[in-house]
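First comes the structure, then the notes that go with it.
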Amino acid sequence: MADSAGAPRPSSSVKLVLLGEAAVGKSSLVLRFVNNDFQENKEPTIGAAFLTQKCNLPERTIKFEIWDTAGQERFASLAPMYYRNAQAALVVYDLTKPTSLIKAKHWVAELQRQATPGIVIALVGNKLDLTNDSAGSSGEGEGGGDDANDARKVPTEEAQTYAEQEDLLFFETSAKTGYNVTEVFTAIANAIPETSLKTARGPSGASGVNRSEEQRVNLNGPRDPNAKEGCAC
Amino acid sequence: MAPETPPGRNESSPDPPPPPLPPRRKPSEGSLQVAFTKPIPTTAVSSVDIATLSFPDGTRGTFPTNTMRVVSSPIPGPSGHASPNRGSEDGLTDSMSVMSFAPTMRPPGDLASLVGGELNKKSRAWNMLRSQSATVPPFESVEEYGASDDLAGFEHEFDDIPDLTTEGVTDDQRLALWKSKMKHYMILSSAGKPIYSRHGDLSLVNSYMGIVQTIISFYEGASNPLLGFTAGNARFVIAIEGPLYFVAISRLGESDAQLRAQLDALYMQILSTLTLPTLKNIFVHRPSSDLRKPLEGTESLLSSLADSFSKGSPSALLGALECLRLRKSQRATITNAFLKVRSEKLLYGLIVAGGKLVSVIRPRKHSLHPSDLQLIFNMLFESGNVQAGGGESWIPLCLPAFNNRGYLYMYVSFFDPPSNTTTAEPAPSDPPTNPEEQIAIILISPDKESFYDLQEMRNKVADKLLANGGLALVAAALAASPDRSGRPALAAVAPGSPLSHFLYKSRANVQFCMPSLAPFLEHHAAAAAAPVVRRRLLSLYHRLHASMHAKHAHLRVLHSVGDGAASLAWITPVFELYCVAGPNVSRAAMTQGANKVVQWAKREEERLFIIGGGVF
Ligand SMILES: Nc1nc2c(ncn2[C@@H]2O[C@H](COP(=O)(O)OP(=O)(O)OP(=O)(O)O)[C@@H](O)[C@H]2O)c(=O)[nH]1
Ligand SMILES: [Mg+2]
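Keeping their order, the protein sequence lines are chains A and B. The opening position of the first sequence corresponds to residue 1 in full-length UniProt numbering, with each subsequent residue numbered one higher. The opening position of the second sequence corresponds to residue 1 in full-length UniProt numbering, with each subsequent residue numbered one higher.
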């Protein structure tokens with residue numbers, strides 16, 4: 001999917017929408033990605049927020065135009081406006097809250113039904129720091145110890161199996177520690193089919209879905225959450 | 001902005017005209033003030049201290065006692081200092097003996113402060129001298145001697161009450177904390193379902209909600225619904241809006257009318273979230289519905305609104321807007337640039353700096369209502385919901401005074417601080433700086449699909465304001481004042497006057513102005529926390545306002561001394577003016593100061609207020 005090697009990296013815009021139940025951490029993921037920051041007790045989003053962030057890939061620059069929507073039920077009817085022309089969607093659930101995965105599945109179904117065909121969808125289980133298994137509050141570690149004390153309520157396998165069935169990218173993240181956040185956006189950027197990049201604004205007639213390999217939990221090991229992300233510049 | 005039309009809610013309607021607004025209970029000014037004695041223990045105003053005044057415009061002050069606080073209302077406090085009447089009587093006798101130490105003194109003025117507390121803090125003679133001086137700032141006596149300090153504990157008013165999960169805190173402790181709050185707001189459905197409480201979680205508040213519901217329902221059947229009552233030193237005011245009960249419980253001394261206006265604002269916030277038809281629908285089908293779900297996520301909006309009332313909001317008190325002071329030509333530059341790039345989709349456009357209006361553009365037949373702007377400003381500048389997001393926001397909301405039946409869509413973006421204005425793009429990355437200094441652009445449209453149109457308009461406005469220096473002007477206007485608020489220093493308004501602070505409302509423009517609060521707060525910084533000092537000042541303004549607006553009180557001028565401060569209220573068809581000075585400032589000096597303020601406001605009218613705005 002890589003092509004031209006011109007001196008200035010070709011740059012294209014990608015519209016990305018975040019969907020998911022209230023308080024799962026959508027705004028926090030965006031804040032981490034865009035500002036490399038985190039706020040405890042973030043207030044609920046009202047309506048939607050629009051942000052942009054560039055992501056440098058080896059061969060090109062992707063400029064994400066991000067719609068961070070409000071998860072509250074009463075805003076649900078506005079969602080089509082935001083995903084209508086989106087080339088990518090990040091459907092977020094809170095892996096300490098099983099109902100939020102159910103909600104996420106509803107969003108995935110709605111996107112598959114109504115959004116631009118070929119939209120790249122990533123399923124993201126957030127708040128990994130509240131579990132014991134990996135990327136804990138220290139932002140390091142890996143593996144999946146099923147500790148009885150941890151707050152995880154959604155097993156990795158369950159979400160991952162579902163993601164594979166539905167052909168979604170899948171990540172577990174922590175907006176708090178920054179674990180895996182940049183990876184989600186990079187993976188999306190890589191998964192956007194070249195054809196839909198050419199016509200950045202309009203819904204390209206869609207085409208073969210060009211999925212990347214990165215459909216598994218990314219266990220890249222420790223990352224320094226304070227380092228400015230390679231992708232965020 | 002309602003420059004041509006007096007403040008009211010029904011005059012403007014969108015196109016095509018919406019159904020008429022349903023009747024809403026107007027804040028019935030002081031309807032019950034006569035029936036209920038006021039609960040406030042402090043007596044900022046006592047008949048002894050009030051005098052008739054003649055003003056240059058021919059108005060005269062009177063002092064009808066029925067508007068005054070009833071001194072015999074329950075007074076807490078161990079010392080009895082809560083009643084300055086008694087205090088000054090004591091003071092008189094006491095001062096006689098003090099006088100012998102200081103034979104050169106003038107006759108005693110307000111000596112309540114002298115008897116208020118520990119005299120031996122400083123020498124009596126020194127105190128004596130000090131208390132006589134016209135340079136004693138307001139409230140010093142209250143702060144130094146603790147006399148009648150009804151604000152004890154106010155600095156903890158907004159602290160959270162630990163919830164059930166907090167270890168080491170018993171239910172009794174939580175309840176005690178809850179009871180220590182000076183202000184409560186509760187919203188419940190007529191079926192008794194709790195909807196909102198400013199303090200305490202449901203486990204704590206549920207039973208109280210039940211009691212409140214029982215009491216209100218008991219009266220509701222009668223032709224004479226319960227509007228308010230006093231218990232101890234707390235005033236309860238109740239507002240019933242269809243299926244919703246609103247209750248304010250205050251020990252801060254507001255009048256019933258003032259509390260009712262606050263409850264009305266909370267109701268407007270709920271309508272702004274849901275619209276009236278939706279709200280009705282929810283309860284038509286199931287009177288026992290739980291409104292918390294549809295309102296989820298707006299608690300912080302209700303709380304920031306409630307807290308702005310508890311902290312004391314001049315804007316809410318006066319029902320008026322504050323504008324950023326700018327030269328007429330400067331404002332015109334900004335407004336013209338704004339108008340020139342107007343999108344077809346635009347209904348209202350606003351530029352706001354530090355919570356103050358810089359420029360408005362609007363269709364000729366629609367004006368903006370202060371109560372709607374209050375909701376917008378609260379959302380953008382007081383609650384964290386929008387600012388914290390960074391970037392741009394697209395927010396559906398109902399502006400109930402404009403039309404309570406449907407949603408409008410609001411585009412919001414914060415401008416880069418002009419110091420690094422290299423790009424006209426919205427700054428998604430900078431975390432919000434001090435809200436007092438932020439410059440925001442707000443574009444409102446009835447079309448929910450118009451985000452990209454308005455975004456384009458915003459970028460054009462930004463380019464233009466960058467090119468013509470408009471943005472820099474705004475930043476400079478903010479920076480010019482002592483606290484970067486854009487408000488003038490008092491010394492610049494009324495040089496040489498002994499006034500400490502004032503509020504001036506232009507009645508025709510439904511706008512107000514005031515000098516910077518910073519010097520006032522700094523002066524007291526050693527004695528009390530800034531929020532307490534601020535509240536003390538605002539409480540005084542509330543009392544003055546209540547006296548002037550009490551039913552049947554056709555007061556034009558009111559001068560009063562007490563509570564450690566002297567104050568003056570002056571109302572004409574053109575303006576309302578409220579001034580505060582130290583307790584020993586003479587009436588004549590205050591009058592002079594007030595006149596200076598009025599002259600200044602007249603001279604600067606076109607800088608202080610937006611007259612008309614940009615109309616299209
Ligand atoms: N421990 C932990 N808390 C998180 C994480 N991400 C978000 N939070 C917290 O979860 C709460 C909700 O986060 P938001 O980012 O506002 O959630 P949201 O999905 O944007 O919510 P809405 O805007 O209402 O839809 C906040 O208090 C965050 O601080 C995380 O990775 N770990
Ligand atoms: Mg959010």
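Note that the Cβ used here is the ideal one computed from N, Cα and C, for glycine as well.
Check	Outcome
Euclidean distance between Cα positions of Asp307(B) and Gly125(A)	36 Å
Beta carbon proximity, Glu21(A) to chain B, threshold 8 Å	no
Cβ-Cβ separation, Gln39(A) to Ala31(A) (assumed contact under 8 Å), whole Å	Per the sequence shown, residue 31(A) should be read as Leu rather than Ala. So it is a contact: roughly 7 Å between Cβ atoms.
Spatially closest choice to Val181(A) from Lys26(A), Glu21(A), Gly20(A), by CA coordinates	Lys26(A)
Ser27(A) CB to nearest heavy atom of ligand 3 below 7 Å	This structure lacks ligand 3; the ligands present are ligand 1 and ligand 2.
Boundaries of the alpha helix (DSSP H) in which Ile102(A) is found, first to last residue	98-114
Residue-chain proximity (Pro10(A), chain B), Cβ-Cβ < 8 Å	no
Burial state of Thr173(A), where buried means 16 or more other Cβ atoms lie within 10 Å	buried
Simplified DSSP state of Pro426(B), which is helix, strand or coil	Interpretation of Pro426(B) is limited by its pLDDT of 43, a score under 50 that renders its predicted location unreliable; the figure taken from the coordinates is listed afterwards. It is coil, neither helix nor strand.
Alpha helix (DSSP H) segment containing Met186(B), residue limits	From DSSP, Met186(B) is part of no alpha helix (DSSP H) but of the beta strand (DSSP E) over 183-189.
Per-residue burial, Glu194(A) [other beta carbons within 10 Å of its own, 16 or more giving buried]	exposed
Collapsed DSSP secondary structure at Ser506(B) in the structure displayed	strand
C-beta atoms of Val91(A) and Trp107(A) nearer than 8 Å	yes
Cβ of Thr99(A) within 8 Å of any chain D Cβ	Here chain D cannot be found, since the structure's protein chains are A and B.
Contact check, residue 623(B) vs Leu544(B), beta carbons under 8 Å	Given a span of 1 to 616 for chain B in the structure shown, any question on residue 623(B) remains unanswerable.
Alpha carbon of Phe451(B) to alpha carbon of Trp394(B), nearest angstrom	7 Å
Heavy atom of ligand 1 within 7 Å of Gly384(B) beta-carbon	no
Chain-ordered neighbours of Glu43(A) on chain B, where CB pairs are closer than 7 Å	Ser300, Ser383, Gly384, Asn385, Ala388
Gln330(B) - DSSP class collapsed to helix/strand/coil	helix
Pair within 8 Å by beta-carbon distance, Leu259(B) and Val237(B)	yes
Strand pairing of Pro396(B), partner residues [DSSP]	Tyr409(B)
Through-space distance from Ala122(A) to Val184(A), alpha-carbon basis	8 Å
Arg362(B), DSSP secondary structure in three states	strand
Heavy atom of ligand 1 within 7 Å of Ser77(A) beta-carbon	no
Sequence-distant residues of its chain with Cβ nearer than 6 Å to residue 305(A) (five each side left out)	There is no way to answer for residue 305(A), as the model of chain A reaches only from 1 to 233.
Run of the alpha helix (DSSP H) containing Gly192(B), from where it starts to where it stops	Per DSSP, Gly192(B) belongs to no alpha helix (DSSP H) and is neither H nor E.
Any non-hydrogen atom of ligand 1 closer than 7 Å to Asn41(A) Cβ	yes
Sequence-distant residues of the same chain with beta carbon closer than 8 Å to Ala175(A), five excluded per side	Gly25, Ser28, Leu29, Leu31, Arg32, Phe38, Asn126, Lys127, Val181
Per DSSP, the bridge partner or partners of Thr165(B)	Looking at the DSSP assignment, Thr165(B) forms no beta bridge with any residue, so it has no partner.
Euclidean distance between Cα positions of Ile102(A) and Leu95(A)	11 Å
DSSP-derived helix/strand/coil call for His501(B)	strand
Start-to-end residues for the beta strand (DSSP E) that takes in Ser445(B)	439-445
Beta-carbon spacing of Leu226(B), Ile216(B) below 8 Å	yes
Through-space distance from Gly228(B) to Lys345(B), alpha-carbon basis	45 Å
Integer-rounded CB distance, given that Ser255(B) should sit under 8 Å from Lys183(B)	Rounded, the Cβ-Cβ distance is 14 Å, inconsistent with contact.
Own chain partners of Thr298(B) with C-beta closer than 6 Å, once the 5 adjacent residues on each side are dropped	Thr273
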